[in-house]
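Visitor: Here my numbering runs 2 ahead of the position in the sequence shown, where the first position is 1. Just so you know, even glycine gets a beta-carbon here, dropped at the ideal spot from N, CA and C.
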Amino acid sequence: MNPFERNPEKEKIKAGVKLMWPEGPSRRWSSIRCGEARLPYENGGFVGQYVCQGCQEPTVGVYRVISRGQVAILWLCAECAKMELAKFKPNKKSA
Ligand SMILES: [Zn+2]
Numbered sequence: 003m004n005p006f007e008r009n010p011e012k013e014k015i016k017a018g019v020k021l022m023w024p025e026g027p028s029r030r031w032s033s034i035r036c037g038e039a040r041l042p043y044e045n046g047g048f049v050g051q052y053v054c055q056g057c058q059e060p061t062v063g064v065y066r067v068i069s070r071g072q073v074a075i076l077w078l079c080a081e082c083a084k085m086e087l088a089k090f091k092p093n094k095k096s097a
């Protein structure tokens, strides 16, 4: 057995992304506890970091943004929230 090999059973576990509730934020989620999802989730499984619904990247915190383009509520990281809000500045210059 190769001593440098990592535990293949643990390596196989990859957290997915789960919507916490309709129109709610997304978080890493796994049915089995793993590195990416460590916190027990009340509805089953384990959750980890929030995931930005814009860039799909895990993020420390998410901001609730009402996207006027899609008329939807999005939970975005700071960068995506800034971009989303900038899209709809009222001072749009059009000739
Ligand atoms: Zn983002």
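1. Considering residue 20, what are the terminal residues of the beta strand (DSSP E) in which it resides?
2. Can residue 1 and residue 64 be called in contact, C-beta distance under 8 angstroms?
3. Helix, strand or coil: how does DSSP classify residue 82 here?
4. Can you determine whether any heavy atom of ligand 1 sits closer than 7 angstroms to the C-beta of residue 71, and answer yes or no?
5. Nearer than 7 angstroms: is that true of the beta carbon of residue 78 relative to any heavy atom of ligand 1?
6. Starting from residue 73, follow the beta strand (DSSP E) in both directions and report where the run begins and ends.
Guide: Walking through what the data contain:
1. The continuous beta strand (DSSP E) containing residue 20 extends over residues 18-21.
2. In the structure as shown, the chain begins at 3 and stops at 97. Residue 1 is therefore absent and cannot be evaluated.
3. Three-state result, residue 82: helix.
4. Between ligand 1 and the CB of residue 71, the shortest heavy atom gap is not smaller than 7 angstroms.
5. Because some heavy atom of ligand 1 lies under 7 angstroms away, the Cβ of residue 78 counts as near it: yes.
6. For residue 73, there is no enclosing beta strand (DSSP E), as DSSP marks it with neither H nor E.
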